[in-house]
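A.B. asks: Got a structure for you, written out below as C-alpha cells; questions coming shortly.
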Amino acid sequence: MADLDFGAYRLYLKEQRHAISMLTGFGAHRLTIHLECSATGTFPDKAAHSVAGELWADDLGQSGWLGHLVQEWPVEAASPGVTMGLTITLTDTQLAALEKARQGADLRLRLHLTVTALNGDGGWPACTTQVTFTVPHNEWSQVVTEAGHGAFVTVLVPITADEHRSTAARRLREAQTAIRAGDFETAVSKARLAMDAVRPANHQKAYSAASSKKAKDRDQDERWTVLLQATYDLFGGAHHDDPDTTEHFTWSRADAMTALALTAGLLDRLDGK
Numbered sequence: 557m558a559d560l561d562f563g564a565y566r567l568y569l570k571e572q573r574h575a576i577s578m579l580t581g582f583g584a585h586r587l588t589i590h591l592e593c594s595a596t597g598t599f600p601d602k603a604a605h606s607v608a609g610e611l612w613a614d615d616l617g618q619s620g621w622l623g624h625l626v627q628e629w630p631v632e633a634a635s636p637g638v639t640m641g642l643t644i645t646l647t648d649t650q651l652a653a654l655e656k657a658r659q660g661a662d663l664r665l666r667l668h669l670t671v672t673a674l675n676g677d678g679g680w681p682a683c684t685t686q687v688t689f690t691v692p693h694n695e696w697s698q699v700v701t702e703a704g705h706g707a708f709v710t711v712l713v714p715i716t717a718d719e720h721r722s723t724a725a726r727r728l729r730e731a732q733t734a735i736r737a738g739d740f741e742t743a744v745s746k747a748r749l750a751m752d753a754v755r756p757a758n759h760q761k762a763y764s765a766a767s768s769k770k771a772k773d774r775d776q777d778e779r780w781t782v783l784l785q786a787t788y789d790l791f792g793g794a795h796h797d798d799p800d801t802t803e804h805f806t807w808s809r810a811d812a813m814t815a816l817a818l819t820a821g822l823l824d825r826l827d828g829k
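Numbering (this note's numbering), first residue to last: 557 to 829.
This is the structure we're talking about:
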C-alpha cells in the first residue's frame, strides 16, 4: 500500500482484489489498473486529486517500461475509500513480448505515480509514490487470451461446418487451456488429437512414397507430407506412453506452444487449399 502525506491528511493507494481488466481493440488494447484510494485526517470537502505516472513490469530479466498511465477521472479524498482507474494502451507486440518474457509465471507490475491535490488552496501540493502488486498467472492469462495472445501465439482456426475440423478447433482451444494451467503434456496431447483432422485420408500412402526418396529429391507436397508425419509422430509421445521411449518424454512450455502453433498453422493451411 502506498502512503502519501499531504500534511493535514494522508492518502492511501492499493490495488483492488481484481486489479486489471482489458478492452480489446485492433492491434492495440486498453489495460485498466483498478486501485482503491482512501484518506485519513482533515481533508477539504470533495478534495480532488489528479494521478499520473508510468507502468513497469518487474522481474522479467530486461527493461520493463510499458508506457504512461492515464487517469480516467480525478479522485476525491474519502473515507473509507473510493475506486479509481488508470489506463494504458498496450500493443499486440507488447503483449506478445510480455507473454514470452514471463514464461508462464505470475506478472509483477509496478506503478510510478505522482498524485497532485487540486483544491487550489495554497498551491497544488504533490507526492510521488510506487504501487507494486502481482497479477496471478491464471488471471493475466485470461486477460491476454481474450486479447488473442494466449500462450504467446495468435491461433486463428477457421470456423467451419466440417465436423472433423470443428473437432480439431476444439482440441486446440483445450490445448490453450492446458497451457494456461501449466499442463504442457496434456497440451501437446490435445495438439496431437487435433492433427487427425489435418492428415488426409491417403496420407500413409503418400508418406510411404515420399519417405522412400532422398530428401533432396522430394517435391514440395512430399516435403509437407514428411513434415506432417514427423509432427504427428513427435506429438504422439505425449498421447501414448510407450515402454522405454515416450514414457520418458518431458514437455516444456515452449514445446507446448510450438505444438499449438504448428498444429493451428497446418489446420489453417488445410482450410486454404
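For every residue, glycine included, the Cβ atom is placed at its ideal position computed from N, Cα and C.
This structure is a prediction, so every number in the text was calculated from the model and none was measured.
Use the C-beta contact count for residue 812: other C-beta atoms within 10 angstroms, 16 or more gives buried, fewer gives exposed.
C.D. replies: Buried, by the Cβ-count rule.
A.B. asks: Where does the unbroken beta strand (DSSP E) through residue 606 begin, and where does it stop?
C.D. replies: Counting along the chain, the beta strand (DSSP E) containing residue 606 begins and ends at 604-614.
A.B. asks: In terms of residue numbering, what span does the beta strand (DSSP E) encompassing residue 623 cover?
C.D. replies: Note, residue 623: beta strand (DSSP E), 621-627.
A.B. asks: Determine the direct distance from the alpha carbon of residue 765 to that of residue 658, and round the result to whole angstroms.
C.D. replies: So the alpha carbons of these two residues sit roughly 44 Å apart.
A.B. asks: Which residue's Cα is closest to the Cα of residue 633: 660, 795 and 604?
C.D. replies: Checked all of 660, 795 and 604; the closest Cα to residue 633 is 604.
A.B. asks: Applying the 10 Å Cβ sphere with the 16-neighbour rule, what's the burial state of residue 767?
C.D. replies: That one is exposed.
A.B. asks: When you compare only the Cα positions, how much space is there between residue 572 and residue 797?
C.D. replies: Spanning the two alpha carbons is a distance of roughly 45 Å.
A.B. asks: What does the Cβ neighbour count give for residue 825, buried or exposed, with the cut at 16 atoms within 10 Å?
C.D. replies: When all chains shown are included, residue 825 counts as exposed.
A.B. asks: Note down the Cα distance separating residue 693 from residue 761, rounded to an integer number of angstroms.
C.D. replies: Going from the Cα of residue 693 to the Cα of residue 761 covers about 45 Å.
A.B. asks: Name the DSSP beta bridge partners of residue 686, please?
C.D. replies: Its beta-bridge partners are 668.
A.B. asks: Rounded C-beta distance between residue 749 and residue 795? I'm assuming under 8 Å.
C.D. replies: Confirmed, Cβ separation roughly 7 Å.
A.B. asks: Output the distance between the C-alpha atoms of residue 686 and residue 697, rounded to the nearest integer angstrom.
C.D. replies: If you take the alpha carbons of residue 686 and residue 697, they lie about 24 Å apart.
A.B. asks: Please list, in chain order, all residues of the same chain as residue 818 whose beta carbon is under 8 Å from its beta carbon, the five residues on each side excluded.
C.D. replies: So the list reads 747 and 787, once near-sequence residues are dropped.
A.B. asks: Considering just the uninterrupted stretch of the beta strand (DSSP E) at residue 647, what are its terminal residues?
C.D. replies: From DSSP, the beta strand (DSSP E) with residue 647 extends over 638-647.
A.B. asks: Between the beta-carbon of residue 736 and the beta-carbon of residue 701, is there less than 9 Å?
C.D. replies: For residue 736 and residue 701, yes; Cβs fall inside 9 Å.
A.B. asks: Put residue 631 into one of helix, strand or coil per three-state DSSP.
C.D. replies: Reduced to three states, the DSSP call for residue 631 is strand.
A.B. asks: Assuming residue 628 and residue 637 are in contact, meaning their beta carbons sit under 8 Å apart, how far apart are those beta carbons, in whole angstroms?
C.D. replies: The pair is not a contact, with the Cβ atoms about 16 Å apart (cut-off 8 Å).
A.B. asks: By alpha-carbon positions, which one of 622, 674 and 586 ends up nearest to residue 601?
C.D. replies: Ranking 622, 674 and 586 by Cα distance to residue 601 puts 674 first.
A.B. asks: Which same chain residues, not among the five before or five after residue 598, have their C-beta less than 7 Å away from its C-beta?
C.D. replies: If we look at residue 598 and ignore the five residues flanking it on each side, its Cβ neighbours are 564 and 565.
A.B. asks: Answer yes or no: do residue 589 and residue 625 have a C-beta to C-beta separation smaller than 9 Å?
C.D. replies: The answer is yes: Cβ separation under 9 Å.
A.B. asks: Assuming residue 688 and residue 614 make a contact with CB atoms under 8 Å, what is their CB distance in whole Å?
C.D. replies: About 7 Å; that satisfies the 8 Å criterion.
A.B. asks: Would you call residue 810 buried or exposed, if buried means 16 or more other Cβ atoms sit within 10 Å of its Cβ?
C.D. replies: The residue in question, residue 810, is exposed, as its Cβ has fewer than 16 Cβ neighbours within 10 Å.
A.B. asks: Following the continuous alpha helix (DSSP H) through residue 785, name the residue where it begins and the one where it ends.
C.D. replies: Unbroken alpha helix (DSSP H) run through residue 785: 776-795.
A.B. asks: If you draw a straight line from the alpha carbon of residue 772 to that of residue 808, how long is it in whole angstroms?
C.D. replies: Rounded to the nearest angstrom, the two C-alpha atoms are 32 Å apart.
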